[in-house]
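Each residue of the sequence shown is one higher than the one before, counting from 122 in the numbering used here.
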Amino acid sequence: MQKVKPWQIVLFVAAIGAVVFGAWWSLGRGPKAKSTHQALLVDVTTGELYEFSTKRKGVVIPERNPDSGKISLFPVHQDEQGNWIIESRYLSDDAIAEVEGEPNNVNYSTGRVEISNEKVKKVTSR
Numbered sequence: 122m123q124k125v126k127p128w129q130i131v132l133f134v135a136a137i138g139a140v141v142f143g144a145w146w147s148l149g150r151g152p153k154a155k156s157t158h159q160a161l162l163v164d165v166t167t168g169e170l171y172e173f174s175t176k177r178k179g180v181v182i183p184e185r186n187p188d189s190g191k192i193s194l195f196p197v198h199q200d201e202q203g204n205w206i207i208e209s210r211y212l213s214d215d216a217i218a219e220v221e222g223e224p225n226n227v228n229y230s231t232g233r234v235e236i237s238n239e240k241v242k243k244v245t246s247r
């Protein structure tokens with residue numbers, strides 16, 4: 122058997138590198154997760170919906186209402202039955218204590234919140 126030449130070693134390593142790179146390229150580049158860059162919040166004192174852009178700045182929970190200036194906004198989503206729900210992790214005693222005003226529209230045991238108007242106010246700058 123002949124001795125392996127240096128250029129053959131380089132060619133073999135390059136071939137292995139190309140195979141590994143090709144596998145990574147084809148298997149590791151699946152569809153990227155799409156971020157909505159928005160958060161839907163409800164004012165627990167009025168029941169109004171707000172959509173905040175989170176592209177440049179995050180949202181603090183509870184968030185300040187851009188119209189009234191009071192801290193009263195919590196994340197909300199609509200369930201399969203069409204009810205608007207605030208997840209229980211956001212309804213801690215500490216978070217509710219921060220609300221400026223009376224949070225009349227929330228059922229604390231279920232997280233269900235009464236929405237006064239389903240028209241969403243978009244908030245782009247804060």
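Every residue gets a Cβ at the ideal spot worked out from N, C-alpha and C, and that includes glycine.
{"Query": "Would you mind stating whether Leu170 and Glu219 have Cβ atoms separated by less than 8 Å?", "Result": "no"}
{"Query": "Determine the burial state of Ile137: buried for a count of at least 16 other Cβ atoms within 10 Å of its Cβ, exposed for fewer.", "Result": "exposed"}
{"Query": "Look up Ser209 in the DSSP assignment and say whether it is helix, strand or coil.", "Result": "helix"}
{"Query": "To which residues of the same chain is Thr175 closer than 7 Å at the C-beta, ignoring the five residues directly before and after it?", "Result": "His158, Gln159, Ala160"}
{"Query": "Just checking my contact of Ser213 with Thr167 at CB under 8 Å: how many whole Å lie between their CB atoms?", "Result": "That belief does not hold up - the Cβ atoms of Ser213 and Thr167 are roughly 21 Å apart, past 8 Å."}
{"Query": "Would you report the Cα separation of Phe142 and Glu208, rounded to the nearest angstrom?", "Result": "43 Å"}
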